[in-house]
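Peer 1: Convert by adding 1029 to the 1-based position in the sequence shown; the result is the number in my numbering.
C-beta atoms are modelled at their ideal positions from N, C-alpha and C, and glycine is treated no differently.
Supplied in C-alpha cells, the structure appears directly below.
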Amino acid sequence: MNRISILINTILSIAVGVLFFLYAQLKSNSTEDNSLESGKTFPKLITDTALLKNAKIAYINIDSLNEKYEYIKDKSKEIRGRQAAIEGSLNSMYGTFQQEVADFQQAVQAGIRPEAELKKEEARLQLKQSEIANKEKQLQVLGEEVAATQSDMLQNVSKFIERYNNNKFDYILAYTTTNISSVLYANPSLEITNEIVNGLNEEYRKNKKTIK
1030 MNRISILINT
1040 ILSIAVGVLF
1050 FLYAQLKSNS
1060 TEDNSLESGK
1070 TFPKLITDTA
1080 LLKNAKIAYI
1090 NIDSLNEKYE
1100 YIKDKSKEIR
1110 GRQAAIEGSL
1120 NSMYGTFQQE
1130 VADFQQAVQA
1140 GIRPEAELKK
1150 EEARLQLKQS
1160 EIANKEKQLQ
1170 VLGEEVAATQ
1180 SDMLQNVSKF
1190 IERYNNNKFD
1200 YILAYTTTNI
1210 SSVLYANPSL
1220 EITNEIVNGL
1230 NEEYRKNKKT
1240 IK
C-alpha cells in the first residue's frame, strides 16, 4: 500500500476523532482581558475551583459520533469505493507493465527484433508509463480531497454544536475511549451525543434532498 493510500485510510479511521469543542468562557468570570501586543484578548485562566462550581458542562462521545453520523458513513463508503477502483486499476497496470518492460529489455539484449519495432514498443511503454502516473495522481488527488472533506466536516460539526448550544452549556468536551482523551471520567448524565448526532443527521438529510 503506497503513502497516499495510507493517508486516506488513516484519515478515514480518524474521522472526527480530533474534534474538541470549547464553546464559551465562564459568564461573569471570563470578562477580564489579558491583552497582547497584537491587540487580541484571551479569557483569564481560572485556578480557583470554587469559580467552576456553577459551570454547566456536557460532553460528546466521539466514538459514537463517528459510528452514527450518517455523513461520515456515506462519505467513507464513497471514498473507499473510489480508492478501491483506482488501486485495482493501478495494480493491474503495474503487473502488466513490469512484465512488458522485462520482455522489452530481453528483446533489446537479444538483438533479434528490428530497431523500428523496438522503437515503436518503447514509445508504447512510455505512453503506458504516463497512464500509470496519471492514475497515481488520481489517488493523490483523492487523498487531498479526503483531507479537505475532514476539515469541512469538523468545521460543520463545530458550527452545529454552537447553534445547538445557544448558551445551554459553558463547556462542551470531547470524550473518546479509543484514543488518548482529555476527559478521564465522564458522568453519563452529562452526555449529549445522541442529541448532537440526531441534529446533525437531520441537517444532513435535508441537505441531501436539496442537492438531489
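If L1168 sits next to I1115, beta carbons under 8 Å apart, how far is it from one beta carbon to the other, in whole angstroms?
Peer 2: Rounded, the Cβ-Cβ distance is 5 Å, consistent with contact.
Peer 1: Using a 10 Å radius around the Cβ and a threshold of 16 neighbouring Cβ atoms, would you call V1186 buried or exposed?
Peer 2: With 16 or more other Cβ atoms within 10 Å, it is buried.
Peer 1: Relative to the alpha-carbon of D1132, which residue among S1121, L1147, I1091 and L1119 has its alpha-carbon at the smallest distance?
Peer 2: The shortest Cα separation from D1132 among S1121, L1147, I1091 and L1119 belongs to L1147.
Peer 1: For L1051, collect the residues of the same chain with a Cβ closer than 7 Å to its Cβ; drop the 5 residues on either side in sequence, then sort them by chain order.
Peer 2: For L1051, the predicted model reports a pLDDT of 31, less than 50, meaning its position is unreliable and no value from the coordinates is stated.
Peer 1: If you count every other CB in all the chains shown that lies within 10 Å of the CB of Q1158, and 16 or more means buried, which is it?
Peer 2: Exposed is the call here.
Peer 1: Label K1166 either buried or exposed according to how many other C-beta atoms from any shown protein chain fall within 10 Å of its C-beta, with 16 as the threshold for buried.
Peer 2: Flag for K1166 reads exposed.
Peer 1: Nearest to E1231 by alpha carbon, out of E1150, S1105 and Y1193?
Peer 2: The shortest Cα separation from E1231 among E1150, S1105 and Y1193 belongs to Y1193.
Peer 1: Just curious, the beta strand (DSSP E) that L1202 is in, first and last residue?
Peer 2: Element bounds for L1202: Y1200 to Y1204.
Peer 1: Can you tell me whether I1190 is helix, strand or coil according to DSSP?
Peer 2: If DSSP states are grouped into helix, strand and coil, I1190 belongs with the helices.
Peer 1: Between the beta-carbon of S1098 and the beta-carbon of L1229, is there less than 7 Å?
Peer 2: Checking the sequence, you will find Tyr at residue 1098 rather than Ser. Yes, the Cβ-Cβ distance between Y1098 and L1229 is below 7 Å.
Peer 1: Go through its chain and collect everything with a Cβ distance to T1205's Cβ below 8 Å, but skip five positions before and after it.
Peer 2: Cβ neighbours of T1205 beyond the five flanking positions: G1046, N1090, I1091 and D1092.
Peer 1: Going by CA-CA distance only, name the one from E1191, D1181, Q1155 and A1145 that's closest to K1104.
Peer 2: For the residues E1191, D1181, Q1155 and A1145, the minimum Cα distance to K1104 belongs to D1181.
Peer 1: Short of 6 Å in beta carbon distance, which residues of its chain neighbour M1122, apart from the five on each side in sequence? Order them along the chain.
Peer 2: Within the same chain, M1122 has close Cβ partners I1161.
Peer 1: Give a yes or no on whether the C-beta atoms belonging to K1188 and S1118 are separated by under 7 Å.
Peer 2: No, the pair does not count as a contact, with Cβ atoms beyond the cut-off.
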